[in-house]
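Participant: Quick one: this structure, given as structure tokens, is what I'll be asking you about.
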Amino acid sequence: MSQSIAAHPDRLFPADPGVRKIARSLYSRVESLPILSPHGHVDAAVIEKNVPFPDPAALLVTPDHYVTRVMHAAGVSLDRLGMGGSPADSRQIWREFCAAWPLFEGTASGYWIRQEFEHVFGVREEPGQDTADRIFDAVSAKLAEPGFRPRELFKEFNIEVLATTDDPLDSLESHAALAADPAFASRVVPTFRPDAYLNIGHPQWQSNVERLLGSTRSGTPGYKGYIAALQERRHHFLDHGAVSADHGVRTPATVRLDEADAARLFERARAGTASAEDRDVFEAHMLYQMARMSVEDGLVMTIHPGSFRNHHAPTFEAFGADSGHDIPVAVNYTEAIRPLLQDFGTAKDFHLVLFTLDETVFSRELAPLAGFYPSVYIGAPWWFLDAPDAMLRFRAAVTETAGFSRTSGFIDDTRAFCSIPARHDTSRRIESAFLARLVAEHRISEDRAHEVIVDVVDSSPRRVFKL
Amino acid sequence: MSQSIAAHPDRLFPADPGVRKIARSLYSRVESLPILSPHGHVDAAVIEKNVPFPDPAALLVTPDHYVTRVMHAAGVSLDRLGMGGSPADSRQIWREFCAAWPLFEGTASGYWIRQEFEHVFGVREEPGQDTADRIFDAVSAKLAEPGFRPRELFKEFNIEVLATTDDPLDSLESHAALAADPAFASRVVPTFRPDAYLNIGHPQWQSNVERLLGSTRSGTPGYKGYIAALQERRHHFLDHGAVSADHGVRTPATVRLDEADAARLFERARAGTASAEDRDVFEAHMLYQMARMSVEDGLVMTIHPGSFRNHHAPTFEAFGADSGHDIPVAVNYTEAIRPLLQDFGTAKDFHLVLFTLDETVFSRELAPLAGFYPSVYIGAPWWFLDAPDAMLRFRAAVTETAGFSRTSGFIDDTRAFCSIPARHDTSRRIESAFLARLVAEHRISEDRAHEVIVDVVDSSPRRVFKL
Amino acid sequence: MSQSIAAHPDRLFPADPGVRKIARSLYSRVESLPILSPHGHVDAAVIEKNVPFPDPAALLVTPDHYVTRVMHAAGVSLDRLGMGGSPADSRQIWREFCAAWPLFEGTASGYWIRQEFEHVFGVREEPGQDTADRIFDAVSAKLAEPGFRPRELFKEFNIEVLATTDDPLDSLESHAALAADPAFASRVVPTFRPDAYLNIGHPQWQSNVERLLGSTRSGTPGYKGYIAALQERRHHFLDHGAVSADHGVRTPATVRLDEADAARLFERARAGTASAEDRDVFEAHMLYQMARMSVEDGLVMTIHPGSFRNHHAPTFEAFGADSGHDIPVAVNYTEAIRPLLQDFGTAKDFHLVLFTLDETVFSRELAPLAGFYPSVYIGAPWWFLDAPDAMLRFRAAVTETAGFSRTSGFIDDTRAFCSIPARHDTSRRIESAFLARLVAEHRISEDRAHEVIVDVVDSSPRRVFKL
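Protein chains in written order, with my numbering: chain A, 151 to 617; chain B, 151 to 617; chain C, 151 to 617.
As structure tokens, then:
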């Protein structure tokens, strides 16, 4: 009984038979549309070189901080999961994971993994202590099949566009190779992600800046050179097909400094004498500068604020970043983003996609902002909010003010390649469920809902991300 | 198909057939009750002089910032919509609007307008590029009919009381004329809205204060005269039937200054030397003073905080206030309003209605406050929250703590006269939908729900606004 | 008709017939499980001495600030309800309450009381002016029955564990007597609640500290003695069966001071010269110290932050604390609790249960924290949020990130002994309703849901509170 839910054609649809029927019909319109993934964390080299996937644990457990965090909370220490380079037996990790499987009931991760088992790996058994080895062997066998390499799955998953997230100094050679390969029909595009070059607080900021300054053809020194180098690298990304630049910041604060002031802060930071306030101001200034550059070069600007990174220092020291303890904080967009919007909110062809982990800003700030500024789009529910109920809350919170045209379309934001179809399918089902309720309540006609579902799933990401 | 939804008798009711049946029955109790509109922005002179409505664009598009903002977000510049006095052809604006119509799907505005078309103008076609001219002509023809003047619609809409929002120095002669007119059976009452006389930050504050001081019979100078003049003007409003005073503030902060300190701040502000902190303190003090006056003169006090007005300076400069870019910010009531409630929270017959654009305060602050203080009532969902799903969230958030008796009843808050029936009908349907769920879940008996729906729709606004 | 809802077997279940059927089946698994109440405010002496309950008003109205606050909001002054020791006739209070009964429609209190009437007192009439006396007599008669004493009801309610909340210097003799009584088969355990000894701002802090220092065997003076005395009293509680220590704080701020700094603040506070900042820092330091002690002695640590206590000073002066005007404020956990979690977040067997009155932290902070830190559990919806719709919002907000295993299980937090079954039953019904929806949407299998409902109702509180 338990296994059948992943295969149920009505999964995630509302229970009411009348509404469900409408949801089914809407979903049938978008079920098979190609996947557009304009923001994510898959490694382009893995696609380019068509590297076979590793064993089940190294594919599905160790690198997925959505998974390891839940096990950690239950008392499984991260080194037992092979994290931080700790030596660990894959089968043993897999057994830990299968034993922990009941913890994932009701979670988004549990849902995605169950879908992956069913639809990607053809595994129909429930994970558990007694099935762990059998599932390990079945998935391992699948992973060894020639049809199970990244490029083959890319095609099977029907991915039309996949954006990666890249260091500004990345050569992007894998992207170039894929673009030049006539055998590869899809698009893998880089994303410019300069946090570690903008945030003075970043541990590598100083060395990053020196490398950045050393990378330019012109060799302009100082702040001027820093700005020029960033612009140059953005053009490098544009030349390799990039459509967007992404910014992970503590707050979406923005400020416009004059050049002399900015240069002064910059030199203070290089000399290691910047105060905490200097850092905040410089970071806000550089977020403003990134908007200015986006206005000029056309890269869509996305902002992901409000995550307190590496909350547990001992875990960070032992296992590094992205080890499961980034914890959200409250966010204020209205006042913080204002300096940027004053100058660029109505700039031609500027697209600014605002994400949040703080649901309170959906109805209070993001819908009103996106409902006025032509540049602003509301980012899809992100991270902890990328889950069925949270998605429904998102739509209910923003639609009545901003309609359907001002949202970004779904973003999977994942490094777990094999989970991509499950994530997009979840989103399509939930969008259908939301619209079906509106149809049933006579708030939108069924004809229009059929147009909106296609717009939301397919046209929105193309339009917003200039695909 | 698309057109029929506006006429569907079950619109906005829950989809479940059992719950829907209960909702229908509850709604039938209140469907035809007279409209009580204790807070809104219709111009009394328009009713008094029975001014014919202008053309469709000037009636339904240009003055409605709910509508123009969405079009602006989609790239339509505001001067193309005739805003800021820009010359524009009505039919051309109308075509822009009809072309933009799909943007309004799922929005509250889209819902109201569709209802207006169906039930006020008898237009059954969906707006669109191909129907724009036909609808323009049909609405124009309707507007030219003698039965389509403000006073005739007032009667047809079954409006019993309509409150306007007025400048403290307004003569209120239209209100007086209407009250004296035996042919006009309803009540049009003014609302005292003194923001521009209280907030030092207001661009006209200084000149307003001089005019205010000049208006008094006594001629008392300085702060004492300022306070006396405000009291005098409130009495002028009371004499013209006013039931409430409304306050639009950035925060609901209140503070009680002694008279000497208040006078010092007042004089500093008149001299143009007030600091930002002075301004905040004086504004908080005057909010406290307004409560004191309400305790004395009986005007219901309503507070609308938390809107960052005129967020986009370039748009404000070109098109003035209310041009669609007021953006909410987080609000704190518990600590901010405490000084006021310490002194007046249990004052006899004092009614204080607290509104919010920040939904988080519904369950956290407003329901607990209104669930203790006899003076406090929870304002109906306002502005961006005046929409079906937001209304349901509101009821779910406040009822379990504060019950049904502590909410204000519906407020349409609109300058769009022809949308008034649609707005009130929306509220009545949603209240019925909410109660129907409680009945279906055996949380309230159906008998009681029939009493509550009447209380919420009719008795609450009468009681809370002393109508 | 109205009376039947309290007896309806499907009360609180979703209306959809399919979902309701699933909810019924889930509920049937947990309906009769024993009550575990790991946090509440019943007086142990009442159970020990088996004191007969007083009259209906003194049992159900006067001491219940959920009830008196709603009546106060409606204009009933608290002295008319016998509060603050005011002389009042019980039957008269009861009439006031019955007349006010319609105010409770839709509230959690109204729901509990109706259940109590139906299932504890066998009263099937709706309270009202005409039934007040009859119900008063019926309840009075019931209260006079020998089977209606605390110990008999304890058995009838099937309470396995009941935690009280106690002053650190309490002798706990009632707990000892109950534990030693072979005729009493259940457990009544104390809870260590040291707020009045930790928060310098507490009016009795200084005298409490002197009494605390005087209580120790060692007689160590100063800060060292203070810390030692707290540890000693905790051991006294542990010796009497305590499983947890509870902390009511304005904010969950924590800080780790070195001993010398802490001692300096302590002495300043004893001397009455502590500044407001001193107080905040010392309070944050002591919350950290409480965690340290919990790590050492194994008492589960629970934190209840974010209530602005005694909001209305005049009511506090006349009627004391807990008179219905504690009002929530926004809470920030992520940054505030970090110093504590840095050091103890992964400490072996440390259990930290975080409650909130600010719903916004459920998805934003608590689920992410509990989804990583082995020590952190999400407290059940508390106080104003302990209500059907709020509980559903809670589950929807936390489950997708943290699953079902990281929540505390239900806590009734009540001093109203006779309401305990209704409160637990409400929780069990709502948990069933939530899970039923997930089953109907194919997000969890029905088999698994049957395991989860038992885990949530029974195993979670045992596990989290080390029962």
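In this text, a Cβ means the ideal position worked out from N, Cα and C, and glycines have one as well. Bear in mind the structure is a predicted one, so any value in this text is a computation, not a measurement.
Are any of the Cβ atoms in chain C nearer than 8 Å to that of B:D166?
Facilitator: To locate residue 166 of chain B, count along the second sequence from 1; it is residue 16. It does: the Cβ of B:D166 has a partner Cβ on chain C nearer than 8 Å.
Participant: Please return the same chain residues whose Cβ sits closer than 7 Å to the Cβ of A:H600, not counting the five positions on each side in sequence.
Facilitator: Translated into positions along the first sequence, residue 600 of chain A becomes position 450. Closer than 7 Å at Cβ, skipping near neighbours: L176, R179.
Participant: Quick one: which chain A residues come within Cβ less than 8 Å of C:P524?
Facilitator: Taking the third sequence and counting its residues from 1, the one referred to as residue 524 of chain C is at position 374. Under the 8 Å cutoff, chain A gives H222, A223, A224, G225.
Participant: In three-state DSSP terms, what is B:H454?
Facilitator: To locate residue 454 of chain B, count along the second sequence from 1; it is residue 304. Three-state DSSP puts B:H454 in a strand.
Participant: If A:H385 and A:H454 are in contact, beta carbons under 8 Å, what's the gap, nearest whole angstrom?
Facilitator: As a working note, residue 385 of chain A is residue 235 in the first sequence. As a working note, residue 454 of chain A is residue 304 in the first sequence. 23 Å between Cβ atoms; not a contact.
Participant: Give the DSSP-derived three-state secondary structure of C:V503 in the structure shown.
Facilitator: For the purposes of this step, residue 503 of chain C is taken as residue 353 along the third sequence, with counting starting at 1. Strand.
Participant: Residues in its own chain within less than 7 Å of A:E515 by CB, not counting five upstream and five downstream?
Facilitator: As a first step, residue 515 of chain A must be located in the first sequence, where it is residue number 365. If we look at A:E515 and ignore the five residues flanking it on each side, its Cβ neighbours are Y483, T484.
Participant: List the whole-angstrom C-beta distance separating A:H269 from A:P538, where the pair is believed to meet the contact cut-off of C-beta under 8 Å.
Facilitator: Looking up residue 269 of chain A in the first sequence gives position 119. Looking up residue 538 of chain A in the first sequence gives position 388. Contact flag wrong, Cβ pair sits at about 17 Å.
Participant: Could you have a look at B:V201 and say whether DSSP puts it in helix, strand or coil?
Facilitator: For the purposes of this step, residue 201 of chain B is identified with residue 51 of the second sequence, where counting begins at 1. DSSP places B:V201 in coil when its eight states are reduced to three.
Participant: Starting from C:H461, trace the alpha helix (DSSP H) in both directions and tell me its first and last residue.
Facilitator: For the purposes of this step, residue 461 of chain C is identified with residue 311 of the third sequence, where counting begins at 1. First-last for C:H461: undefined, no H or E at that position.
Participant: So with Cβ pairs under 8 Å, would you call A:A517 a contact of chain B?
Facilitator: Along the first sequence, read from residue 1 onward, the residue named residue 517 of chain A stands at position 367. Cβ-Cβ to chain B under 8 Å: yes for A:A517.
Participant: Please state whether the Cβ-Cβ distance between C:F534 and B:P531 is less than 8 Å.
Facilitator: Within the third sequence, the letter at position 384 stands for residue 534 of chain C. Within the second sequence, the letter at position 381 stands for residue 531 of chain B. Not closer than 8 Å, so no.
Participant: State the start and end residues of the unbroken alpha helix (DSSP H) segment that holds A:E323.
Facilitator: Here residue 323 of chain A is taken as the residue at index 173 of the first sequence, counted from 1. Looking at the DSSP string, the run of the alpha helix (DSSP H) that includes A:E323 is 323-330.
Participant: Compare the Cα-Cα distances from B:A412 to each of B:T465, B:A463, B:A395, B:V431 and report the closest residue.
Facilitator: The sequence position of residue 412 of chain B within the second sequence is 262, counting from 1. The shortest Cα separation from B:A412 among B:T465, B:A463, B:A395, B:V431 belongs to B:V431.
Participant: Could you give the first and the last residue of the continuous beta strand (DSSP E) run that contains C:V614?
Facilitator: Taking the first residue of the third sequence as position 1, residue 614 of chain C is located at position 464. Taken as a continuous stretch (DSSP letters only), C:V614 belongs to no beta strand (DSSP E), being part of the alpha helix (DSSP H) at 610-614.
Participant: Considering just the uninterrupted stretch of the alpha helix (DSSP H) at B:L293, what are its terminal residues?
Facilitator: Position 143 of the second sequence, counted from the first residue, corresponds to residue 293 of chain B. Start and end: 282-294.
Participant: Starting from C:A313, follow its DSSP beta bridges and name the residues at the other end.
Facilitator: Residue numbering aside, residue 313 of chain C sits at position 163 when the third sequence is read from its first letter. Answer is C:V339, bridged to C:A313.
Participant: Which bits of chain B does C:E306 rub up against, with CB to CB less than 7 Å?
Facilitator: Within the third sequence, the letter at position 156 stands for residue 306 of chain C. Within chain B, no residue comes near C:E306; the closest Cβ sits about 24 Å away, beyond 7 Å.
Participant: Taking Cβ to Cβ, would you say C:F304 is nearer than 8 Å to C:A156?
Facilitator: By 1-based counting over the third sequence, the position of residue 304 of chain C is 154. By 1-based counting over the third sequence, the position of residue 156 of chain C is 6. Going by C-beta atoms, C:F304 is not nearer than 8 Å to C:A156.
Participant: Work out the CA separation of C:D472 and B:Y438 for me, nearest whole Å.
Facilitator: Counting from one through the second sequence, the residue named residue 438 of chain B turns up at place 288. Counting from one through the third sequence, the residue named residue 472 of chain C turns up at place 322. The alpha-carbon atoms of B:Y438 and C:D472 are separated by roughly 27 Å.
Participant: Per the contact definition of three or more C-beta pairs closer than 8 Å, is the segment 189-199 of chain B in contact with the segment 211-230 of chain B?
Facilitator: Too few Cβ pairs lie closer than 8 Å, so no.
Participant: Kindly indicate which residue of B:R241, B:R383, B:S357 has the alpha-carbon position closest to the one of B:L367.
Facilitator: One-based indexing of the second sequence puts residue 367 of chain B at position 217. In the sequence as presented, Leu is not what sits at residue 367 of chain B; that position holds Arg. Among B:R241, B:R383, B:S357, the Cα nearest to that of B:R367 belongs to B:R383.
Participant: In whole angstroms, give me the CA-to-CA distance for A:D562 and A:R573.
Facilitator: The residue labelled residue 562 of chain A in the question sits at position 412 within the first sequence. The residue labelled residue 573 of chain A in the question sits at position 423 within the first sequence. Between A:D562 and A:R573, the C-alpha separation is close to 6 Å.
Participant: Below 7 Å between beta carbons is the criterion; list the residues of the segment 494-514 of chain A that meet it against any residue of chain C, in chain order.
Facilitator: From the segment 494-514 of chain A, only L507, D508, E509, T510 have a Cβ closer than 7 Å to chain C.
Participant: Quick one: using the 10 Å Cβ neighbour count with 16 as the cut-off for buried, is A:A456 buried or exposed?
Facilitator: Walking along the first sequence from the start, residue 456 of chain A turns up at place 306. A quick correction: the sequence has Gly, not Ala, at residue 456 of chain A. Result: buried.
Participant: Between which two residues does the beta strand (DSSP E) containing C:L186 stretch?
Facilitator: Within the third sequence, numbered from 1, the residue matching residue 186 of chain C stands at position 36. 185-187 is the span of the beta strand (DSSP E), which, as asked, contains C:L186.
Participant: Identify every residue that forms a DSSP beta bridge with A:H600.
Facilitator: Along the first sequence, read from residue 1 onward, the residue named residue 600 of chain A stands at position 450. In DSSP, A:H600 forms no bridge with anything.
Participant: By Cβ distance, which residues of its chain are closer than 6 Å to C:S152, with the 5 residues on each side in sequence left out?
Facilitator: In the third sequence, residue 152 of chain C corresponds to position 2, counting from 1. Unreliable placement is indicated for C:S152, whose pLDDT of 43 sits below 50; the coordinate value is still reported in the next sentence. Contacts found: E276.
Participant: What is the DSSP secondary structure of B:V399, reduced to helix, strand or coil?
Facilitator: The sequence position of residue 399 of chain B within the second sequence is 249, counting from 1. Here B:V399 sits in strand by DSSP.
Participant: Considering only the beta carbon of each residue, do A:G553 and B:G474 sit closer than 8 Å?
Facilitator: Walking along the first sequence from the start, residue 553 of chain A turns up at place 403. Walking along the second sequence from the start, residue 474 of chain B turns up at place 324. No.
Participant: Quick one: what does DSSP say A:V526 is sitting in, helix, strand or coil?
Facilitator: Against the first sequence, residue 526 of chain A aligns to sequence position 376. Strand.
Participant: Compare the C-beta of B:S555 against all C-beta atoms of chain C and say whether one is closer than 8 Å.
Facilitator: As a working note, residue 555 of chain B is residue 405 in the second sequence. Cβ-Cβ to chain C under 8 Å: yes for B:S555.
Participant: Within 10 Å of its beta-carbon, does B:P184 have 16 or more other beta-carbons around it, so buried, or fewer, so exposed?
Facilitator: Numbered from 1 along the second sequence, position 34 holds the residue referred to as residue 184 of chain B. With fewer than 16 other Cβ atoms within 10 Å, it is exposed.
Participant: Give a yes or no on whether the C-beta atoms belonging to A:L319 and A:S365 are separated by under 8 Å.
Facilitator: Counted from its first residue, the first sequence places residue 319 of chain A at position 169. Counted from its first residue, the first sequence places residue 365 of chain A at position 215. It is a contact, given that the beta carbons lie within the stated cut-off.
Participant: Residues in the same chain with beta-carbon distance under 6 Å from C:L322, minus the five sequence neighbours each way, listed in chain order, please.
Facilitator: Here residue 322 of chain C is taken as the residue at index 172 of the third sequence, counted from 1. These residues qualify, in order along the chain: P340, H390.
Participant: C:D539 touches chain B at which residues, Cβ-Cβ below 7 Å?
Facilitator: The residue given as residue 539 of chain C occupies position 389 in the third sequence. Within 7 Å Cβ-Cβ: A546, E550.
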